[in-house]
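Residue numbers (full-length UniProt numbering): 85 to 446.
All residues carry an ideal CB built from backbone N, CA and C; glycine is no exception.
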Ligand code: ADP
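Given below as structure tokens:
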């Protein structure tokens, strides 16, 4: 029975510290109920969202993530995935107003800190009420839904340190419990998940994706995440970090520490001479390696403490970032002697937004 469904269009928003994630459900057919002018506006909004892939100067639709023929509340349709920087919220609201949103829906479901921070602005600018949902409940709901609907959602990396052999391999996540979620957004949260409804937040760190980008901008003068990742891809952190071999002249065999292991992140940068030789690329790579390995190490300790061996890494820090994913894959495998596995999900940053769209009832 679809007659109790909330009125169209259906959105889920996850308003984070860096990025706002917007998920839009496009029904196969626009149904019953709405008046002629409402239908006209609904069609206009659908056309605008689905015929473009860029919105304003900073909004993007991730077309490669689009999901066709999915069912929500008994209705078939397509899920679209859109993001823009949270600092552009005012422009987003003006655009939504211009497209007639104010005349249409009265409530949008939202999660993330911005659902609280911007609540007044939504009301004032577009006369929209926010139905607020907890971000971790939403995250879990979203992960379960997307994983059920996309057989190739979950994957891992093989031979993470060998560029010639390294490959992405599909992972069957149909009986997932228990598992750990490491959500790398602006900051990091670690959740232990025991069943579809039983989970707890066990740890976190403020050294996250926001730290990587912030430090990278300071150290290299870059301005975007894409630029930072591009620089890191061409750099060598060994010109910045102090390795075990820089201290021991080789491996520290007694405790199994290989010579090429980082002993001190940024440990070479106290030397004026070393500083004068270092490149932007090296600094970007060292920042990426520092932040990623720290997260990997926290994840491993959490997994050990909870006696969990599957660790799912998500969050937009992993967007266009195979370097970080491979580092995590390698570190989890190496330091656990192969007993722990790093897993990844294709819709990396969008689970919270999907989950709150699904939880919405009018
Ligand atoms: P939050 O909910 O805290 O905004 P996200 O999961 O959206 O967290 O991840 C935000 C992080 O993703 C940023 O700190 C940055 O490291 C990374 N990132 C990836 N793509 C972008 C982008 N286009 N703009 C800004 N940050 C990005």
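Looking at the strands, I want to know which residues DSSP matches up with residue i.
i           : result
residue 459 : Missing from the structure shown is residue 459; the chain here goes from 85 to 446 and no further.
residue 324 : BP columns for residue 324 are empty, so no partner.
residue 94  : 109
residue 440 : Paired residues: none, contrary to the question.
residue 406 : Beta-bridge pairing links residue 406 to no other residue.
residue 147 : According to DSSP, which records beta bridges pairwise, residue 147 is partnered with nothing at all.
residue 104 : 99 and 168
residue 161 : 111 and 154
residue 401 : DSSP output for residue 401 lists no bridge partner at all.
What separation, rounded to the nearest whole angstrom, lies between the Cα atoms of residue i and residue j?
i           : j           : result
residue 384 : residue 268 : 15 Å
residue 100 : residue 144 : 16 Å
residue 420 : residue 380 : 11 Å
residue 386 : residue 249 : 30 Å
residue 417 : residue 172 : 39 Å
residue 234 : residue 177 : 32 Å
residue 284 : residue 273 : 11 Å
residue 510 : residue 255 : This structure cannot settle anything about residue 510, because the visible part of the chain is limited to 85 through 446.
residue 187 : residue 123 : 11 Å
residue 237 : residue 322 : 34 Å
residue 425 : residue 395 : 6 Å
residue 229 : residue 337 : 47 Å
residue 198 : residue 98  : 8 Å
residue 132 : residue 242 : 40 Å
residue 51  : residue 135 : Since the first residue of the chain shown is 85 and the last is 446, residue 51 is not available in this structure.
residue 301 : residue 293 : 12 Å
residue 332 : residue 343 : 8 Å
residue 67  : residue 257 : The shown model of the chain, from 85 to 446, leaves out residue 67, and the question about it has no answer.
Does the beta-carbon of residue i, which I'm using as the reference point, lie nearer than 7 Å to any heavy atom of the ligand ADP?
i           : result
residue 428 : no
residue 400 : yes
residue 355 : no
residue 297 : yes
residue 394 : no
residue 403 : yes
residue 224 : no
residue 103 : yes
residue 334 : no
residue 111 : no
residue 169 : yes
residue 439 : no
residue 309 : yes
residue 140 : no
residue 96  : no
residue 314 : no
residue 363 : no
residue 100 : yes
residue 270 : yes
residue 433 : yes
residue 294 : yes
residue 196 : yes
Identify, in the order they occur along the chain, each residue of the same chain with its Cβ nearer than 7 Å to the Cβ of residue i, setting aside the five sequence neighbours on each side.
i           : result
residue 175 : 140
residue 295 : 375
residue 432 : 398, 399, 400, 402 and 403
residue 393 : 387, 423, 424 and 425
residue 441 : 94, 95, 96, 107, 109 and 193
residue 207 : 213
Does the beta carbon of residue i sit closer than 8 Å to a beta carbon anywhere in chain B?
i           : result
residue 344 : This model lacks chain B altogether, as it is built from one protein chain only.
Looking only at its own chain, which residues have a Cβ that is under 6 Å from the Cβ of residue i, when we skip the five neighbours before and after it?
i           : result
residue 276 : 264, 284, 286 and 390
Excluding the 5 residues flanking residue i on each side, which residues of the same chain have their C-beta closer than 8 Å to its C-beta?
i           : result
residue 126 : 92, 93, 114, 118 and 188
residue 147 : 137
Review point. Fully enclosed by the segment 234–295, which beta strand (DSSP E) runs are 3 residues long or longer?
Key: 238–242, 251–254, 263–268, 272–277 and 283–289
Review point. What are the uninterrupted segments assigned as alpha helix (DSSP H) that are 4 or more residues long and contained completely in the segment 347–379, given in chain order?
Key: 356–361
Check your understanding: What alpha helix (DSSP H) runs, 4 residues minimum, are completely inside the segment 186–228?
Key -> Counting only runs of 4 or more, we get 198–201 and 203–210.
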